[in-house]
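Participant: Structure in C-alpha cells, see below.
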C-alpha cells in the first residue's frame, strides 16, 4: 500500500473540551467556536474494491475523536457510516494518524471533535471535512444499491431502555460539595455495541462547580457499563447524557 504523507489543516468545530489533569487543568471546560488543528495522515483510507465492483461510487464516515492536550488520540468512535466496508477502511489506518497538541489562546487543550471522511471511487479520492452532518444516502437509494448505513440509534427505537449494570457515583470530597452546594454538571457520552461508555465529555455547567468535581464525575462515567444496546436484536451505538447535582 502506498503511504500518503499528507498534512491536513482542519478548522474543527468542537463539541467541548475534555477534562485534563495537566495542561492548565484549572480551565479545561470552555467551549470554542473553532480550533486550528494540524494532523499528519501517514496512511489514507482507500475506497474498498469490493464496493467498486458492486457499483458504489461514493461513501461517508463520521468519526468522533478524543485528543488530549499533548496531541495523543485517546479514543475514537465511528458515529455514522454508509457501509461497513468504509468503516473497516478507516479502522485500518486511523491509529497511524498523528495530531499536533491542540492549542488555543496560549494554552494546550484536550478536545473532543468530529471528522467527516468522504470516499469517491473515481480516482480513489478520499477527502476530509470537519462539518458534521447527516450522511447523504440519496445516490445509493436512487440507484437501487442496498443500503448498509449504520449510525447512532435513537433511545426510543431500542428493544429495551438503556440499563446500567455498573454505575458507581463520583467520589467528591465533602468540603467541595459544601463549597459548591447546588452546582450542576451535564455530561454526554456514547455507549458502544458492547455496552462500554465511550468519550464522556462535559456539555453544560451551572453554579460554577470546581474542576476537581467535574474530573471526578467524568472519571466515574468512564467506568460505567451498560447492557449492550440493541435495535431489532442487533447491537447498536447510542448517545446518552447524565446530570450531576452536587448537594450536601
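Numbering (mature numbering (1 follows the signal peptide of the UniProt record, and there is no 0)), first residue to last: -23 to -1, 1 to 225.
We treat Cβ as the ideally placed atom computed from N, Cα and C, and that holds for glycine.
Quick one, which of 73, 182 and 59 has its alpha-carbon nearest residue 50's?
Facilitator: Comparing Cα-Cα distances from residue 50 to each of 73, 182 and 59, the minimum goes to 73.
Participant: Check the C-beta distance from residue 216 over to residue 167 and give it rounded, since I have them as a contact under 8 Å.
Facilitator: Right, the Cβ-Cβ distance comes to about 5 Å (below 8 Å), so this counts as a contact.
Participant: Quick one: what does DSSP say residue 64 is sitting in, helix, strand or coil?
Facilitator: Residue state, collapsed to three classes: helix.
Participant: Distance check for residue 213 and residue 131, CA to CA, integer angstroms please.
Facilitator: Distance between the alpha carbons of residue 131 and residue 213 is about 10 Å.
Participant: DSSP three-state call for residue 95: helix, strand or coil?
Facilitator: If DSSP states are grouped into helix, strand and coil, residue 95 belongs with the strands.
Participant: Should residue 90 be counted as a contact of the ligand MN given a C-beta to heavy atom distance under 7 Å?
Facilitator: The ligand MN is absent from the structure shown, which contains no ligands of any kind.
Participant: When the Cα atoms are used, what is the spatial distance from residue 36 to residue 27?
Facilitator: For residue 36 and residue 27, the distance between alpha carbons rounds to 13 Å.
Participant: Beta-carbon separation of residue 190 and residue 164 under 8 Å?
Facilitator: Taking 8 Å as the Cβ cut-off, residue 190 and residue 164 do not qualify as a contacting pair.
Participant: Using 10 angstroms around the beta-carbon of residue 39, count the other beta-carbons present and answer buried if the total reaches 16, otherwise exposed.
Facilitator: By the 10 Å Cβ count, residue 39 comes out buried.
Participant: Distance, Cα to Cα, residue 199 vs residue 225?
Facilitator: About 24 Å.
Participant: Could you tell me which of 65, 81 and 57 sits nearest to residue 93, measuring between CA atoms?
Facilitator: The residue with the shortest Cα to Cα distance from residue 93 is 57.
Participant: Can you tell me whether DSSP reads residue 78 as helix, strand or coil?
Facilitator: Coil, per DSSP.
Participant: So, is residue 43 buried or exposed, given that buried needs 16 or more other C-beta atoms within 10 angstroms?
Facilitator: Under this definition residue 43 is a buried residue.
Participant: Confirm, please, whether the CB-CB distance from residue 60 to residue 125 is below 8 Å.
Facilitator: Yes, the Cβ-Cβ distance between residue 125 and residue 60 is below 8 Å.
Participant: Taking 8 Å as the limit between beta carbons, can you name the residues of its chain near residue 146, skipping five residues before and five after?
Facilitator: Closer than 8 Å at Cβ, skipping near neighbours: 197.
Participant: State the CB to CB distance for the pair residue 220 and residue 161, rounded to an integer number of angstroms; the pair is presumed to be in contact (CB under 8 Å).
Facilitator: Going by Cβ atoms, the distance from residue 220 to residue 161 rounds to 6 Å, so yes, they are a contact pair.
Participant: Just tell me which of 208, 170, 47 and 201 has its CA closest to the CA of residue 88.
Facilitator: Answer by Cα proximity: 47.
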